[in-house]
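K.L.:
Take the sequence shown: its position 51, counting from 1, is numbered 210 in my numbering, and each next residue is one higher.
Virtual Cβ for every residue (Gly too), placed ideally from N, Cα, C.
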Amino acid sequence: MAIENMGVSKNEAVMNGDDIESDIKGAKDFGIKTIQVKTGKYQETDSDNKFTQPD
């Protein structure tokens, strides 16, 4: 995994992304904190997804 190759733990990493499913859910499933940016694939309805919310 890329973060391990850089000598960074999951607790030290943050995922920035615009896609609620692939970016945010993927990182959260792996145990990484997340920040969702409101560009690109972001949609206002992303905030309705009760199962996947950015940190």
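Going along the chain, which unbroken runs of the alpha helix (DSSP H) with 4 or more residues stay wholly within the region 164 to 202?
P.N.:
185 to 189
K.L.:
Which word fits Thr-193, buried or exposed, when buried means at least 16 other C-beta atoms lie within 10 angstroms of its C-beta?
P.N.:
buried
K.L.:
In chain order, what residues of the same chain lie with their CB nearer than 7 Å to the CB of Asp-182, ignoring the 5 residues before and after it?
P.N.:
Met-174 and Gly-176
K.L.:
Please state if the CB of Lys-184 and the CB of Thr-204 are separated by a distance shorter than 7 Å.
P.N.:
no
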